[in-house]
Structures are given as structure tokens and as C-alpha cells.
Amino acid sequence: MKKIPIIMDCDPGHDDAIALVLAFASEKLDVKAVTVTGGNQTLAKTLNNAKKVLSYIGKRPPLAAGADKPMFRELEVAEAVHGESGLDGPILPETDYKEERTFPGGERLPAVDLMRRIILDSPEPITLVPTGPLTNLGILFTAYPEVKKNIARISLMGGGIESGNWSAAAEFNIFVDPEAAEIVFTSGLPIIMSPLDVSHKALMMPGDLDALRKQGGRVSVMVAELVEFFYQYHIAQGFAGAPLHDPCAVAALIAPELFKTAEYHISIETKGKYTTGMTFADRRFWTNAKPNATVCLDIDRPGFIRLIAEACKTYD
Ligand code: RIB
Ligand code: CA
665 MKKIPIIMDC DPGHDDAIAL VLAFASEKLD VKAVTVTGGN QTLAKTLNNA
715 KKVLSYIGKR PPLAAGADKP MFRELEVAEA VHGESGLDGP ILPETDYKEE
765 RTFPGGERLP AVDLMRRIIL DSPEPITLVP TGPLTNLGIL FTAYPEVKKN
815 IARISLMGGG IESGNWSAAA EFNIFVDPEA AEIVFTSGLP IIMSPLDVSH
865 KALMMPGDLD ALRKQGGRVS VMVAELVEFF YQYHIAQGFA GAPLHDPCAV
915 AALIAPELFK TAEYHISIET KGKYTTGMTF ADRRFWTNAK PNATVCLDID
965 RPGFIRLIAE ACKTYD
């Protein structure tokens, strides 16, 4: 079966790390590169976390660091959720894994230039899988609009139709960089959107965590430790389990049968006093608003958990 070539753009981040585990385990995906943005923590920390997670699972794809702040705003991090390191919980070994360097002086290749090179050189249209603020994609489409001709789709985690999490109206990834999100949602490219409406149902429960620990294996144990930490924040908020947001963006590509979706036109609020970062869907049936996103709204939770557990086992 032909694999889907993808670029993961992330801000590890506990759930980003699990999304990387899922993506690299799948027979259906060919991860061409990983790019990193500031988000859950500063860029220096999310980059270091990406290196440690990828090294730990035995993968060293082309890697590049992107934006250290949103396009037009200051960076807001989610330290309360992901900890001081951005990946508190498991102790992962340091690594000598380095970002791509192709300039004569050996400077780091910026994420958008790595993305552009891979996209334009690919014989197959590339799928972008952003699981953090959309700053790298916003810059990519602005600086190099020609890349759009060889992008198949975007499968992203972000937004919330019924509610936000970082504010009452806005989900964190979109809240951090709404202008970049607006560029993405007006790009004209096919979008599969995994908002909070689905990721708050993609819960790993304590029993699932026990089963993951019992199945053993170094990646299963790492994922269990990631979820264990991530769960503490959410249990305090009253969640029955840990919402695995970012793996939804990968699962939507490799196991679409797990999801119930709707076609909506999504607009991004960039100016609202209370609503900046809101992703609002035009659901007026009489306006025939042209949809710009396939929005995941429900999930087969046990099937999703099985997918994650099976993925962890592939590393044993
Ligand atoms: O709101 C959830 C999103 O924000 C996830 O991508 C999580 O990693 C954080 O980036
Ligand atoms: Ca993320």
C-alpha cells in the first residue's frame, strides 16, 4: 500500500510526543520531516523535547526548528499543563541528534525552508500534520505560496466548535497564533480538523493506562509516564481521563473509520475582546457556506486507545 508522505509540525508537549509515536509506528505514513514551533513551551524546550522523544523511539528524520513566537503576537506557553520542561514526567536521555544544517556556515535550516524543500521535491503531494500553534504553516504559505500546489491536505489538531480550553472561546493552538490559523483556514487547502470537540472524547482512562503499563515495552512505558503526568492537570479539572488531543490529527489520517465528521466553514476570530482565537463554524443550513474543513466531532474511544497501544508495541 502506498504510504502517505507527511511532515509533522509540533510543540512537544506530552500529546505531541504521543502523536509522533503513533505517526512513526504506522505502516500507512512516511514521515519525511519533523518541524518544531514554540507553543507548549519555548522553542528551545520544544525542540529539545522533540529530539529526545525521536531519539528515544529510534527515529532521526530531518528536523528543523521554526518559529519561536507567533507571527504578530508574543508567545504564551502552557507550563501549567506540560511542566517547566514542556515534557515533565518521563526522564528521557539527552541526545546528540541535530537539526538539519545546509548553509555553508552550518547554520540551522529554518523549518519553513526544510518544509519548502521537501514539499517541492516530493513526487507525491505532501500531507502536513500540525499539532501546535500554526505559526510555521502561516509563515510557509506567506513566504512560499508555491508550495500549495504540492500539498495534499492538512490534518491538524486545533480549535473548538462548542468551546475553547485556553479561553472560554479559544483552544490553545489557535489562541496562541490566530493570524497564522486564519492564513491556514483561508489557504484553500483541504483541512481535516481535530478540535476539542473530538479530543475531549479521546480520553485515555486510568484502566487504559494500567493496560499500557502491563503490556510493557520501553515506548509503552514512556507513553504511560507521559499520560500519567498529563492526566494530573486534567483530573484536577474534572476530566475522567487524559485527552489525547494531538494523536487525533494522526489517527484521522490512518484510521478515519474511528471518527464521525461534519463539513463546516470555519472562520478564525483575530480581533475579539473575548473571542480571539475562536474557530467558529457557520452551521446555518440556509446559507450554503462553502465548507473549508472536515471537522472531527466524535470518536470510537476504545478503538482509538487500541490504536495507540498497538502503535507502542511496534517499537518492542
Ligand atoms: O489545546 C490542546 C493543544 O494545545 C495540544 O496540541 C497540546 O499539545 C497543546 O499544544
Ligand atoms: Ca501540541
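For my numbering, count along the sequence shown from 1 and bump the result up by 664. A virtual CB, placed ideally from N, CA and C, is assigned to each residue, including glycine. Keep in mind it's a predicted model, so treat the numbers as computed, not measured.
Three-state secondary structure (DSSP) at residue i?
i: Ala-975; result: helix
i: Arg-772; result: strand
i: Ser-863; result: helix
i: Lys-878; result: helix
i: Ala-916; result: helix
i: Lys-696; result: strand
i: Lys-924; result: strand
i: Thr-791; result: strand
i: Pro-907; result: strand
i: Phe-949; result: coil
i: Ser-719; result: helix
i: Pro-669; result: strand
i: Ala-689; result: helix
i: Leu-756; result: coil
i: Ile-932; result: strand
i: Leu-684; result: helix
Looking at residue i: is its Cβ nearer than 7 Å to the Cβ of residue j?
i: Leu-922; j: Asp-964; result: yes
i: Ala-832; j: Ile-838; result: no
i: Leu-717; j: Pro-757; result: The displayed chain sequence assigns Val, not Leu, to residue 717. Contact: no.
i: Ser-858; j: Cys-976; result: no
i: Leu-751; j: Asn-713; result: yes
i: His-929; j: Pro-966; result: no
i: Val-840; j: Pro-797; result: yes
i: Phe-949; j: Ser-931; result: no
i: Ile-721; j: Val-695; result: no
i: Gly-753; j: Glu-889; result: yes
i: Val-698; j: Met-672; result: yes
i: Val-811; j: Ile-783; result: yes
i: Phe-893; j: Ser-851; result: no
i: Ala-683; j: Thr-759; result: no
i: Gly-802; j: Ile-847; result: yes
i: Thr-940; j: Pro-842; result: yes
How close, in whole Å, do the beta carbons of residue i and residue j come, if the pair is a contact with beta carbons under 8 Å?
i: Ile-825; j: Ile-790; result: Actually they are not in contact, since the Cβ atoms of Ile-825 and Ile-790 sit about 27 Å apart, beyond 8 Å.
i: Ile-855; j: Phe-849; result: 7 Å
i: Ala-1001; j: Leu-971; result: Past the boundaries of the shown model lies residue 1001; the chain is included only from 665 to 980, so the question cannot be answered.
### Query
For ligand 2, which residues count as neighbours when the test is a C-beta closer than 7 Å to any heavy atom?
Cys-674, Asp-675, Gly-677, Asp-679, Asp-680, Gly-703, Asn-704, Thr-795, Gly-796, Met-821, Asn-837, His-909 and Asp-910
Touching or not, the region 728-738 and the region 767-783, by the rule of three or more beta carbon pairs under 8 Å?
yes
- Query: Touching or not, the region 909-924 and the region 805-819, by the rule of three or more beta carbon pairs under 8 Å?
  - Reply: yes
Stretch pair the region 863-872 + the region 888-907: three plus CB contacts closer than 8 Å: yes
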